[in-house]
Amino acid sequence: MGKKKQKVSLPPELPPEVPDEEIEVSDEDLQFVNENRDYAGFVSTLDTNSITRHVTRVADVKEDALESLYEKRFRKKSLDKEKEENGLEVDPVDALPVKTLDGKLYYRTVPKELKKSANEDEVTGDSEDDGADKSMVKLTKAEKRAKLKKLRKDAKKQAKEVPEVEEVQQTSQVDVLAEVKRDLTAEEANESKKYRLAELGTALLMDPESNIKSLKEMLQISKDGDRSIVILGLKSLLAVFKDIIPGYRIRLPTEKEQEMIISKTVKKMRFYESTLLSVYKAYLQKLIALEQQAVFQHVSFRCICTLLEAVPHFNFRESLLAAVIKNISSPDDVIRKLCCASIKSLFANEGKHGGEATVEAVKLIADLVKAHDCQLHPDSVEVLMSLSFDEDLGRPERSNADNKAKHKKFKKRKNVDEPSKLPDNAKKKNRKDLMSKTREEVLLLHENHLILKCAYSPLIFVDADFKAAYFAQVDADFKAASFTQDVMERRGMQSETLSAVFQTYFRILKHALQPRLEASSRELAGASGGPPLLAPCLNGIAKFSHLIDLDFMADLMSYLRRLAGGGSYADGSENCSKRLTVSERLRCCIVAFKVMRNNLDALNVDLRDFFVQLYNLILEYKPGRDQGEVLAEALKIMLCDDRQHDMQRAAAFIKRLATFALCFGSAESMAGMLYFFRDSMKKVFVPVLCNNNMRFSGTFVALVTLKHLLQKNVKCRNLLENDAGGGSLSGPIAKYQPYATDPNLSGALASVLWELNLLSKHYHPAVSTIASSISTISTVQNQVFHSIVSPQQAFTELSLEQESFNSNSDISKSKNKRKRGSGLTISASVGPDLDMTSQTDENEVRKKLSEHFLILRDITDNERLRGELDRTSLSLKLYEQYKKQKKKSTRTQ
Amino acid sequence: MRPLDEKETTQVFEKLFKFTGNNLKNIVESPSHEGPDSNPGRYCFRLNKNRVYYVSESLVKRATNIKRDNLVSLGTLIGKFTKNGSFHLTIQCLNLLAANAKHKVWLKPTSEMSVLYGNNVLKGGLGRITENINMGDGVVVFSMSDVPLAFGVAARSTQDCRKMEPNAIVVIIQADIGAYLRMEDEL
Numbered sequence: 001m002g003k004k005k006q007k008v009s010l011p012p013e014l015p016p017e018v019p020d021e022e023i024e025v026s027d028e029d030l031q032f033v034n035e036n037r038d039y040a041g042f043v044s045t046l047d048t049n050s051i052t053r054h055v056t057r058v059a060d061v062k063e064d065a066l067e068s069l070y071e072k073r074f075r076k077k078s079l080d081k082e083k084e085e086n087g088l089e090v091d092p093v094d095a096l097p098v099k100t101l102d103g104k105l106y107y108r109t110v111p112k113e114l115k116k117s118a119n120e121d122e123v124t125g126d127s128e129d130d131g132a133d134k135s136m137v138k139l140t141k142a143e144k145r146a147k148l149k150k151l152r153k154d155a156k157k158q159a160k161e162v163p164e165v166e167e168v169q170q171t172s173q174v175d176v177l178a179e180v181k182r183d184l185t186a187e188e189a190n191e192s193k194k195y196r197l198a199e200l201g202t203a204l205l206m207d208p209e210s211n212i213k214s215l216k217e218m219l220q221i222s223k224d225g226d227r228s229i230v231i232l233g234l235k236s237l238l239a240v241f242k243d244i245i246p247g248y249r250i251r252l253p254t255e256k257e258q259e260m261i262i263s264k265t266v267k268k269m270r271f272y273e274s275t276l277l278s279v280y281k282a283y284l285q286k287l288i289a290l291e292q293q294a295v296f297q298h299v300s301f302r303c304i305c306t307l308l309e310a311v312p313h314f315n316f317r318e319s320l321l322a323a324v325i326k327n328i329s330s331p332d333d334v335i336r337k338l339c340c341a342s343i344k345s346l347f348a349n350e351g352k353h354g355g356e357a358t359v360e361a362v363k364l365i366a367d368l369v370k371a372h373d374c375q376l377h378p379d380s381v382e383v384l385m386s387l388s389f390d391e392d393l394g395r396p397e398r399s400n401a402d403n404k405a406k407h408k409k410f411k412k413r414k415n416v417d418e419p420s421k422l423p424d425n426a427k428k429k430n431r432k433d434l435m436s437k438t439r440e441e442v443l444l445l446h447e448n449h450l451i452l453k454c455a456y457s458p459l460i461f462v463d464a465d466f467k468a469a470y471f472a473q474v475d476a477d478f479k480a481a482s483f484t485q486d487v488m489e490r491r492g493m494q495s496e497t498l499s500a501v502f503q504t505y506f507r508i509l510k511h512a513l514q515p516r517l518e519a520s521s522r523e524l525a526g527a528s529g530g531p532p533l534l535a536p537c538l539n540g541i542a543k544f545s546h547l548i549d550l551d552f553m554a555d556l557m558s559y560l561r562r563l564a565g566g567g568s569y570a571d572g573s574e575n576c577s578k579r580l581t582v583s584e585r586l587r588c589c590i591v592a593f594k595v596m597r598n599n600l601d602a603l604n605v606d607l608r609d610f611f612v613q614l615y616n617l618i619l620e621y622k623p624g625r626d627q628g629e630v631l632a633e634a635l636k637i638m639l640c641d642d643r644q645h646d647m648q649r650a651a652a653f654i655k656r657l658a659t660f661a662l663c664f665g666s667a668e669s670m671a672g673m674l675y676f677f678r679d680s681m682k683k684v685f686v687p688v689l690c691n692n693n694m695r696f697s698g699t700f701v702a703l704v705t706l707k708h709l710l711q712k713n714v715k716c717r718n719l720l721e722n723d724a725g726g727g728s729l730s731g732p733i734a735k736y737q738p739y740a741t742d743p744n745l746s747g748a749l750a751s752v753l754w755e756l757n758l759l760s761k762h763y764h765p766a767v768s769t770i771a772s773s774i775s776t777i778s779t780v781q782n783q784v785f786h787s788i789v790s791p792q793q794a795f796t797e798l799s800l801e802q803e804s805f806n807s808n809s810d811i812s813k814s815k816n817k818r819k820r821g822s823g824l825t826i827s828a829s830v831g832p833d834l835d836m837t838s839q840t841d842e843n844e845v846r847k848k849l850s851e852h853f854l855i856l857r858d859i860t861d862n863e864r865l866r867g868e869l870d871r872t873s874l875s876l877k878l879y880e881q882y883k884k885q886k887k888k889s890t891r892t893q
Numbered sequence: 001m002r003p004l005d006e007k008e009t010t011q012v013f014e015k016l017f018k019f020t021g022n023n024l025k026n027i028v029e030s031p032s033h034e035g036p037d038s039n040p041g042r043y044c045f046r047l048n049k050n051r052v053y054y055v056s057e058s059l060v061k062r063a064t065n066i067k068r069d070n071l072v073s074l075g076t077l078i079g080k081f082t083k084n085g086s087f088h089l090t091i092q093c094l095n096l097l098a099a100n101a102k103h104k105v106w107l108k109p110t111s112e113m114s115v116l117y118g119n120n121v122l123k124g125g126l127g128r129i130t131e132n133i134n135m136g137d138g139v140v141v142f143s144m145s146d147v148p149l150a151f152g153v154a155a156r157s158t159q160d161c162r163k164m165e166p167n168a169i170v171v172i173i174q175a176d177i178g179a180y181l182r183m184e185d186e187l
C-alpha cells in the first residue's frame, strides 16, 4: 500500500493511464446509468459548454471518448465527495446538494449504491484487499492487532498526504487529478473503515462495558457494500464477541423488573447486557443471511462454527445450531468439515453448556435425517460417534426409581409421623441422627469448606439437628455457587440424547430395508452402492449398544438379521440383500455379534441365523471387490471368539473354509504377494489384513480360522481321517452337500478335508506349513497341541525366527544365485521365502545343496569322460582310416 | 400298516413343523440310504396300530410281506395317535428332530441329570440358547457336547429369558432320553 501512495504523489506519471482505465470501466458505467435513471437525469442537464472548455485543456484524449469521459468524471467527483463524507466522517455541512442549471436541487438519495459502484471501479484496490484478507484468516489475535496498528499508521500518513493532493487539485489539471483523487478516496475510505474497525475492536476488548455502544457501529461497518470490508467486519466482530460474551446466559429484565427502582450500576449493567444481546442477535441474523451468498458462505460458516464452539451456553444457541446442522451434509467439503468439527467439539466439551446443546443437536440431526429420508452424507451421522455417555446410564431407571421410591417412602413416613407427633422422642432423634450422618457422607467432599466456615461461625453445635440443618444450608449454597450439575438432570438429558440417537439409527436401518428404486439409490450412494448412512449407523450401534434397553434388542436384532440378507423374507428383503454389498452384510453380522456380546453376560445366545448368513457369504466373497478386513473380523468374532459351537456347524465351516482357501490360494500376483509377505503375516495372525495382500491372506485367514475350529472341536477331526461317510458321527445326512445353505444340513462331517493335502503343496511356505500342521493335528497329542499353539504365540515365534534368520538370508540368497546360476531362472524374491524356513530346515537345505552339487559334479565329470571317450574313439577311427588308406596306397603301389 | 390319511398327515406335519420349521422339507425329501436298491428311494410315514413310523420306501416294500398283526415295528417310530385322535411325538424321534431342529437349547453339565430324570429346563441350567425363540416353539435340548437329550416346548421367548430369575422354567420337556430307562416296558 505504501507503494501506491508513492505513485499517487507523482501526478505527471498518471495521465497516460487514464484513457485505458476509462474505456475499461465505461460499460459498467453505462449499466449503472441505466439502472439509476433518476439519478442519471442530471447528466442530460450538464453544462456542455463548460465541458468543452475543459476538453480543450486536455490534449492527449481522443475526441469521441471525451464526452462520456467527462460525464463520468463529473459524476465521480460528486461521488468522491460523498465518500469523503461517509468514510472520513466529515461534517455533514460539506455534503451539499448539487444544484443544476435549471435550479433543481439534487439530494443524494442512494448513497450506498453509489459507494458500491465506486468501489467496484476500484478493481486494483479490491484485489489487494482480498489478498490481505486471505492472510488475515490465518492470523492470531495478536498478529491481528499488530496488523491493525500498522494500518492505522498508514492511514495517518495518508491523511497527511491528503492536503497536498488537494493543493495540486487547484492547479490547472483539476480534472485529471479528480480521477486520481477518486482512486485515492475510495482507497482511503476503505482504509479508514479498516482503521475504524480496528480502533473500535481494540477499544471494546480493552473496556467492553464503557464502549459497548461501538458494537453497533462495527455492525454498521460490516454492512458495507465492499466485500473485503464486510468480511473484515464479520471477523473482527467475531473476535470481539468471542472475548466479551459473558459466561452466563443473559436474561432480559421483564417489564415489572424494569419498573423497579434500581441502582446506577445495575442500570449500567442492564444496558450493557441488552445492547450486547441485541447486537449479537443482529450479527447472527446477518451471518445467517450471508450464508446464502456464495461469496460469504465460507466466512459466515467459519464465524458461526467458531461461535458455536466458543459460546454454546449463550443466548441464540438454537439458531446457531440450526444453521450448522442444516449444513452438516452440505456438498461443500469445507463447510461440511467445519460443521462436523464444531458439532464434535460441542459433544466433546459438554461442560461448556451442560449437555443441553448436545440434546438439541442430536435431536436436530434426527430431524434432519428424517426430513431427508436418510439421503445424507455419512459424516452427518458419523458425528454421533463422538458422543459420550456415562457408563452407568444403562441402568439409571432402576436406581432412580429405587431412589424415588425410597424418597417417597421417606416423605410419606415423615408426613405421617409429624402430624401424629409420636411421643417416642428417642426414636425420632435416632432417625435425625441418621439423616445427618447421611448428609455428612454426602458432604464429605466439601469438608474443607465447612471446616473453614465452622471456624468463623459463631454457632456452637449443641445438637445434631442444628448441625444437620446447617449442613443442608451449606450444601444448597455450595451447589448454587459452584453450578454443579444435578446428577438426575444429567441423566435425564443423556437418556434423552440416547433416545434421539437410537431413533436416528433405527430410522436408518429401517430405511435401508425398504425397497427403493435402484437408480435413485445408486445415484445418491455413489460408489458404495448401498444406503449411504448405513456404515456409520452400524458402527454407532456397535458402540452404543450396551446402553440400549433390552426391549429394543429384539427389534434391533431382527433388523440386523434382515439386513444381513435372509432370502426367506418377503419380497422387499430380496431386493435389499441384492443391494447391500457383501462387506456391508458381513458388517451387519459383526455388529449383531458385538451387540450380543456387550449385552449378554448372563445368557449365552446362539445367533444361528447370522451363522447361516456368514456361511453363505463366504462363498460370495471376492477378494478384489470386498474388504478383507471385514471378512477377517467376522471370522474372528464369529468363529474364533465364540466358545461353543455345534459340531455339525463347526464341521461345515471347516469344510467351507478349506474350499475357500483352495479357491483364493490361486495367485495371479505372485511377486506382489511375496513382497507383502511379512506385513501379511503380522496382520493375518491378528487376523486383520489389508487389501493389497488379500488374495493370499484370504487363504491364510481361512486356514488360521480352520485351525482354531479344529483345535476346539475335537470330534470334527475325523474330517481329517480318510474314511468318507464320517462313521457314526455323520448323522442323518450321509453325503456332503456342498450347496446346502444351512451349515447344519450340509453333512460336512461326512466329508474329508482333501483340500489340506493340496494346500500343503502350496507354493507359499506359510500356507503350506500351516496346512501340513493342520493335517497332523489329530496325530499329535491333543493336550500338548492345545497348550503350545495359540495364534499370538505362533506369530511371535515366527517373527523372532525371522529376525534371527535375517542375517542368514543374505548368504542363502547368494548361495542360491551361485548354485542355480544360469540354468534355472530364479528371482530374488525367493530370498524372503527362505527366510521363512525354520532353523531346523537349514540343515536340510544344506544337505540338499550338497546333494545337488554332487550331482552337478558328477554330470560334469561324466561329460568330461564322455568327451574323452569320444575323442579317443574318434582318434581310433582316424587311425583306422589312416591305416586303410595306407594299405590301399601300399596295394596300389 | 397303511399310509397316513390327509388329516393325520397334517397333524403329524404340524407337530414336526413346530420343531423343525422349514427344515421339514429335508425330513420329507432326504434320500434314504438303506437297502441294496440301486435307486435310493425316499422316506415316508406309515401308520401301524396307531403308531407313526418314519420308514424308507425300500423297507416298506419288504415289510408288506408281513401280516399287519405280526408287525411289531419298522423304521423309526416317531409318535403315536392317542385315543382322542391327537398326535404325540415320542422320544424315538429325537434324533430326527435334533438333526433338523430350528430352536435349540444347550444345557450346563450340572443340570443334565435333572433333565434326564424328566424335569423341565430351568433358567439356571441354561448353557446356551438359540436367539429368536418365541413362546410355544418346539425346542430340542442338547448337552454342551451336542448330544441331544430331550425335546419340549419353550415356556418363554429368548428375550424374556434374560430377565427371568434363575429358577424359572424355560423349556417344558415333553420327552427325554431318560425315558428309555424309566419307561423301558412301555416303549
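For the record, the sequence lines run as chains G and L.
Residues in the first sequence are numbered consecutively from 1, following UniProt numbering.
Residues in the second sequence are numbered consecutively from 1, following UniProt numbering.
Cβ atoms here follow ideal geometry from the backbone N, Cα and C, with glycine treated the same way.
Going by other Cβ atoms of all chains shown within 10 Å of its Cβ, with 16 needed for buried, is SER117 of chain G buried or exposed?
As a working note, residue 117 of chain G is residue 117 in the first sequence. Residue confidence is low: SER117 of chain G scores 42 on pLDDT, short of 50, so the model does not pin down where it sits. Its coordinate-derived value is still stated next. Buried.
So PHE653 of chain G and LEU639 of chain G are supposed to be a Cβ contact under 8 Å. How far apart are they, rounded?
The residue given as residue 653 of chain G occupies position 653 in the first sequence. The residue given as residue 639 of chain G occupies position 639 in the first sequence. Taking 8 Å as the upper bound for CB-CB distance, PHE653 of chain G and LEU639 of chain G are in contact here, some 6 Å apart.
Have a look at the DSSP bridge pairing and note the partners of LYS104 of chain L.
Here residue 104 of chain L is taken as the residue at index 104 of the second sequence, counted from 1. Bridge partners of LYS104 of chain L: L:VAL140.
Note down, in chain order, every chain G residue with its Cβ under 8 Å from the Cβ of ARG128 of chain L.
Looking up residue 128 of chain L in the second sequence gives position 128. Neighbours of ARG128 of chain L on chain G, chain order: ASN604, VAL605, ASP606 and GLN644.
Determine, using beta carbons only, whether MET647 of chain G comes closer than 8 Å to chain L.
Against the first sequence, residue 647 of chain G aligns to sequence position 647. Yes - at least one Cβ of chain L is within 8 Å of the one on MET647 of chain G.
Three or more C-beta pairs under 8 Å: does that hold for the stretch 85-103 of chain L against the stretch 114-124 of chain L?
The stretch 85-103 of chain L, when compared against the stretch 114-124 of chain L, does not touch it at the 8 Å Cβ threshold.
Hey, out of L:SER73, L:ARG51 and L:LEU107, whose CA is closest to GLU8 of chain L's CA?
Numbered from 1 along the second sequence, position 8 holds the residue referred to as residue 8 of chain L. Looking at L:SER73, L:ARG51 and L:LEU107, the one whose alpha-carbon comes closest to that of GLU8 of chain L is L:ARG51.
Outcome for SER495 of chain G when other beta-carbon atoms lying within 10 angstroms are tallied against a minimum of 16:
Here residue 495 of chain G corresponds to residue number 495 of the first sequence, with the count starting at 1. With a 10 Å radius around the Cβ and a threshold of 16 neighbouring Cβ atoms, SER495 of chain G comes out buried.
Pull up the distance between the alpha-carbon of ARG846 of chain G and that of PHE660 of chain G, whole angstroms please.
For the purposes of this step, residue 846 of chain G is taken as residue 846 along the first sequence, with counting starting at 1. For the purposes of this step, residue 660 of chain G is taken as residue 660 along the first sequence, with counting starting at 1. Roughly 36 Å between the two C-alpha positions.
Answer yes or no: does any C-beta atom of chain G fall closer than 8 Å to that of ASP146 of chain L?
Counting from one through the second sequence, the residue named residue 146 of chain L turns up at place 146. For ASP146 of chain L, at least one C-beta of chain G is nearer than 8 Å to its own C-beta.
Can you tell me whether DSSP reads PRO166 of chain L as helix, strand or coil?
By one-based count along the second sequence, residue 166 of chain L stands at place 166. Residue state, collapsed to three classes: coil.
In whole angstroms, give me the CA-to-CA distance for VAL612 of chain G and GLY178 of chain L.
Working through the first sequence from its first residue, we reach residue 612 of chain G at position 612. Working through the second sequence from its first residue, we reach residue 178 of chain L at position 178. VAL612 of chain G and GLY178 of chain L: Cα-Cα distance of roughly 32 Å.
Provide the residue(s) that pair with GLY79 of chain L in DSSP beta bridges, ordered along the chain.
Locating residue 79 of chain L in the second sequence gives position 79, counting from the first residue. In the DSSP assignment, GLY79 of chain L is bridged to L:VAL52 and L:LEU89.
If we call anything under 8 Å between Cβ atoms a contact, is LEU234 of chain G one with LEU287 of chain G?
Locating residue 234 of chain G in the first sequence gives position 234, counting from the first residue. Locating residue 287 of chain G in the first sequence gives position 287, counting from the first residue. Closer than 8 Å, so yes.
Looking at the C-beta of MET638 of chain G, does it have a partner C-beta in chain L at a distance below 8 Å?
As a working mapping, residue 638 of chain G is identified with position 638 in the first sequence. Chain L, which has no Cβ nearer than 8 Å to the Cβ of MET638 of chain G, makes this no.
Could you name the residues of the same chain whose beta carbon sits closer than 6 Å to that of GLU309 of chain G, not counting the 5 residues immediately before and after it, in chain order?
As a working mapping, residue 309 of chain G is identified with position 309 in the first sequence. The beta carbon of GLU309 of chain G lies closer than 6 Å to those of SER342 and SER345 in the same chain, with the five residues before and after it left out.
Would you kindly work out how many angstroms separate the C-alpha atoms of LYS213 of chain G and GLN503 of chain G, rounded to a whole number?
In the first sequence, residue 213 of chain G corresponds to position 213, counting from 1. In the first sequence, residue 503 of chain G corresponds to position 503, counting from 1. Cα to Cα, LYS213 of chain G sits roughly 46 Å from GLN503 of chain G.
Where LEU800 of chain G and ASP390 of chain G are concerned, what is the direct C-alpha to C-alpha distance, given to the nearest angstrom?
Start at 1 with the first residue of the first sequence, and residue 800 of chain G comes out as number 800. Start at 1 with the first residue of the first sequence, and residue 390 of chain G comes out as number 390. No answer about LEU800 of chain G holds up, because its pLDDT of 49 lies below 50 and its placement is not dependable.
Is it true that the CB of ARG182 of chain L sits closer than 8 Å to the CB of VAL170 of chain L?
Translated into the one-based positions of the second sequence, residue 170 of chain L becomes position 170. Translated into the one-based positions of the second sequence, residue 182 of chain L becomes position 182. No, the pair does not count as a contact, with Cβ atoms beyond the cut-off.
Proximal chain L residues relative to MET488 of chain G, where beta-carbon distance stays under 8 Å
For this step, residue 488 of chain G is matched to residue 488 along the first sequence. Correct list: empty, because the minimum Cβ distance to chain L is about 25 Å.
In whole angstroms, give me the CA-to-CA distance for GLU755 of chain G and VAL630 of chain G.
In the first sequence, residue 755 of chain G corresponds to position 755, counting from 1. In the first sequence, residue 630 of chain G corresponds to position 630, counting from 1. C-alpha separation (whole angstroms): 24 Å.
Apart from the five residues just before and just after MET218 of chain G, which ones in its own chain have a Cβ nearer than 6 Å to its Cβ?
Residue mapping note: residue 218 of chain G aligns to position 218 of the first sequence, counting from 1. LEU200 and LEU237.
Check whether the Cβ atoms of ARG227 of chain G and VAL295 of chain G sit closer than 8 Å, and answer yes or no.
Looking up residue 227 of chain G in the first sequence gives position 227. Looking up residue 295 of chain G in the first sequence gives position 295. At a Cβ-Cβ threshold of 8 Å, ARG227 of chain G and VAL295 of chain G count as neighbours.
Chain-ordered chain G contacts of GLU184 of chain L [CB-CB under 9 Å]
As a first step, residue 184 of chain L is located in the second sequence; it is residue number 184 there, counting from the start. Going along chain G, no residue has its Cβ under 9 Å from GLU184 of chain L, so there is no contact; the nearest lies around 23 Å.
List the whole-angstrom C-beta distance separating residue 240 of chain L from LYS123 of chain L, where the pair is believed to meet the contact cut-off of C-beta under 8 Å.
In this structure chain L extends from 1 to 187, so residue 240 of chain L is not present and cannot be described.
Which residues, in chain order, does the stretch 740-753 of chain G contribute to contact with chain L at a C-beta distance below 7 Å?
Residues passing the 7 Å Cβ filter: LEU745.
Check whether the Cβ of MET557 of chain G lies closer than 8 Å to any Cβ atom in chain L.
Walking along the first sequence from the start, residue 557 of chain G turns up at place 557. For MET557 of chain G, a Cβ of chain L is located within less than 8 Å of the residue's own Cβ.
CA nearest to the CA of ASN539 of chain G, picked from G:PHE506, G:ARG857, G:ARG866 and G:ALA771
Taking the first residue of the first sequence as position 1, residue 539 of chain G is located at position 539. Closest by alpha carbon: G:PHE506.
According to DSSP, simplified to helix, strand and coil, what is LEU459 of chain G?
Counted from its first residue, the first sequence places residue 459 of chain G at position 459. Bear in mind that a pLDDT of 40 at LEU459 of chain G, under 50, signals an unreliable position, so the number given afterwards is only what the model happens to contain. Coil, per DSSP.
Beta-carbon of ALA564 of chain G versus every beta-carbon of chain L: anything under 8 Å?
The residue labelled residue 564 of chain G in the question sits at position 564 within the first sequence. No, ALA564 of chain G lies away from the interface with chain L (no Cβ there is under 8 Å from its Cβ).
Indicate whether at least one CB of chain G lies closer than 8 Å to the CB of GLU112 of chain L.
If you number the second sequence from 1, residue 112 of chain L lands on position 112. Under the Cβ criterion of 8 Å, GLU112 of chain L is not counted among the residues facing chain G.
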